[in-house]
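First up is the structure itself, then whatever we jot down about it.
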Amino acid sequence: MCYKGSISKEERKLMGYGNKGKKGIRTIQPSYNVNAFSNPAIPIVAQDSPDYITTATWGLVPFWGKRDPEKFLKDSKYTLNARGEDFWETKSYKPYVQEGRCVILFDGFYEPHTFSSNKKQPFYCYVPNDAGDYNSRSILPIAGIYSIMDDEYYVSLVTTEANDFFAKVHNVKKRMPLVLDDKLVEEWIKPEQSKSVIDDLVRKGFTSKEFHAHAVSNDIYKRDFVRDGKDVIDPVQPIQNIF
DNA sequence: CCAGACGTTGTT
DNA sequence: GTCTGG
DNA sequence: CCAGACGTTGTT
DNA sequence: GTCTGG
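Sequential numbering of the first sequence, starting at 1, is according to this note's numbering.
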């Protein structure tokens with residue numbers, strides 16, 4: 001993406017990650033068009049309450065924006081992603097790397113591909129379940145960091161250098177969301193986790209599950225695109241095969 | 001010392 | 001609120 | 001992404 | 001050769 005993902009499972013199906021239910025007033029709507037730029041409500045598992053699914057706002061609000069978080073997000077669309085390689089040094093994020101790690105629960109996300117013709121196409125990226133096609137997808141625990149203002153959680157998605165697969169998809173910026181291996185989620189959200197382990201997870205914690213990706217309609221990158229139904233991820237003919 | 005940033009990668 | 005850059 | 005640095009510390 | 005700064 002790292003600005004657009006999908007949440008299509010009903011919340012209770014996410015409960016494998018939060019076995020005591022959910023926190024937060026807002027409900028999370030299933031959507032195939034979860035757009036970071038509109039600061040949507042997304043499900044996370046936070047280090048301060050690992051037994052719950054917490055509703056968070058996509059867009060981290062640092063301490064200097066706490067007087068008016070909504071204004072901060074409206075004016076500043078630059079805390080949607082946090083670079084894992086840099087987040088200990090950046091002013092906005094560094095207080096929250098130790099205090100506020102979480103996983104964001106998506107079941108897919110979109111990455112742009114640029115062809116040699118300079119034409120672009122978005123690709124929907126996901127891990128199929130046993131059935132093997134895009135209609136049944138695994139939940140992806142994506143590393144995030146969050147701040148809390150007045151009990152509301154504000155979260156930024158952690159990105160890292162693309163692996164071989166994602167370098168083929170997101171072939172210009174070569175970045176990818178840090179999708180953690182299921183068995184490392186606990187390590188990531190352990191509150192007293194050490195800096196060196198956190199850095200190791202950023203570098204080497206990416207899931208070993210096999211991703212799939214297929215081209216989808218370019219409509220999803222239009223500013224006024226609001227449809228969020230399942231047909232959004234229907235495959236279209238790629239301009240060229242990218243693998 | 002003060003001003004300005006504070007962030008990362010989408011665009012149809 | 002705090003750091004960076006000029 | 002490309003250009004430019006890449007380093008440390010004497011004295012008056 | 002690799003990192004940093006613009």
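Glycine included, C-beta positions come from ideal geometry on N, C-alpha and C.
query                                                                                                                                                                    : result
Could you round the C-beta distance between residue 289 and residue 145 to whole angstroms and report it? I think they count as a contact, below 8 angstroms.            : The chain is shown from 1 up to 243; residue 289 falls before or after that span and cannot be answered.
Measure the Cβ-Cβ separation of residue 212 and residue 128 and say whether it is below 7 angstroms.                                                                     : yes
Which residue or residues does DSSP assign as beta-bridge partners of residue 90?                                                                                        : DSSP lists no partner for residue 90.
Tell me which residues share the same chain as residue 83 and place their Cβ nearer than 7 angstroms to its Cβ, disregarding the 5 neighbours each side in the sequence. : 159
Going by DSSP, which residues form a beta bridge with residue 144?                                                                                                       : 102, 157
Residue 58 bridges to which residues according to DSSP?                                                                                                                  : 155
Taking only three categories from DSSP, how would you classify residue 42?                                                                                               : strand
Which residue marks the beginning of the beta strand (DSSP E) containing residue 111, and which one marks its end?                                                       : 108-114
Looking at the structure shown, is residue 169 part of a helix, part of a strand, or coil, going by DSSP?                                                                : helix
So, helix, strand or coil for residue 5, using DSSP?                                                                                                                     : strand
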